[in-house]
Amino acid sequence: MSDPVRLQEGDFSVDQEMTALRGTSLRIGGIASFTGCARDFSEGREVMQISFDAYGKMALFEMDKLRLEAIEKFALIDARIVHRVGVVAAGEQIVLIVTGAEHRVAALGACHWLIDELKLRVPIWKKEITPQGESWVTPHP
Amino acid sequence: MMQILFFGPVAERVGLREMQLEHRAGMVLQDVVSQLKATYPAAFEIVCFTAVNDTQTREMQLPLHDGDEIVFMAKFSGG
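Written as structure tokens, this is what we have:
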């Protein structure tokens, strides 16, 4: 089975990640997921691609830490976090969070919490590539 | 020598992803920040986080050692 926390250049399969998570325990009663995708527009401009740069070892360390914190905080049975790096075309998947718990409330809450915390705590930066040029994205709440 | 790393928008403003700086006895983090800020002021306008040997720190008086890895980062924007 693949590592539950990964940074990778290639795309990921939501089905495969969910299957891997579901396979960890028969106690799982609810699975929630969030998939972040590359929009083809931003602030009124066309976006063709998004390029992601990461401080790899710290990003993985923080993602691992987030996963363990979420498992404890929400009493999850398991969670998986996958984030792409490199160039992602408009319409493609960027990030996946999958959470499994005995009940839906914990799975949904953990999923929301994980993506919010990932944005704040994981050293990854994105640059939008548009017909007019390239610009780094300033984070917003 | 100390290894200095830059990522994302900071790397773009510095024009490099990494460099080496000579370590001097008694050096603290502030010494490196001051030296680099003077050379790359635009990059340091957006530096929000600093890490030494994989640990984030705001302690500018942190003593540095030969072989340390220091990373300067802008606000994160992943996800």
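Chains A and B, in that order, are what the protein sequence lines are. Residue numbering for the first sequence follows the numbering used here, starting at 3 and increasing by one per position. Residue numbering for the second sequence follows the numbering used here, starting at 15 and increasing by one per position. Beta carbons: idealized from backbone N, C-alpha and C, even for Gly.
When only Cα atoms are considered, residue 85 of chain A and residue 131 of chain A end up about 19 Å apart.
Across the structure, residue 103 of chain A and residue 37 of chain A are spaced so that their CA atoms are roughly 18 Å apart. Shown here for residue 77 of chain B: same chain residues with a beta carbon closer than 7 Å to its own, the five before and five after excluded, namely 42 in chain order.
Per DSSP, residue 93 of chain A is not a residue of any alpha helix (DSSP H), being assigned neither H nor E. Counting only runs of at least 4 residues, the stretch 47 to 88 of chain A fully encloses the following alpha helix (DSSP H) elements, listed from N- to C-terminal order: 58 to 75. Around residue 27 of chain A, the same chain offers 79, 80, 102 as residues with beta carbons nearer than 8 Å, after the five sequence neighbours per side are excluded. Residue-level contact check: residue 29 of chain B does not touch chain A, since none of the beta carbons of chain A fall below 7 Å from its beta carbon. Here residue 23 of chain B has 60, 88 as same chain residues with Cβ atoms under 7 Å from its own Cβ, once five neighbours each way along the sequence are excluded. Using a Cβ-Cβ cut-off of 9 Å, residue 20 of chain A is close to nothing in chain B; its nearest Cβ partner there is about 19 Å away. Under the three-state reduction of DSSP, residue 139 of chain A is assigned to coil, being neither helix nor strand. When DSSP states are grouped into helix, strand and coil, residue 86 of chain B belongs to the strand group.
Within the stretch 29 to 71 of chain B, the complete beta strand (DSSP E) segments at least 3 residues long are 32 to 35, 63 to 66, listed from N- to C-terminus. Taking 7 Å as the cut-off, the Cβ atoms of residue 20 of chain A and residue 100 of chain A count as close.
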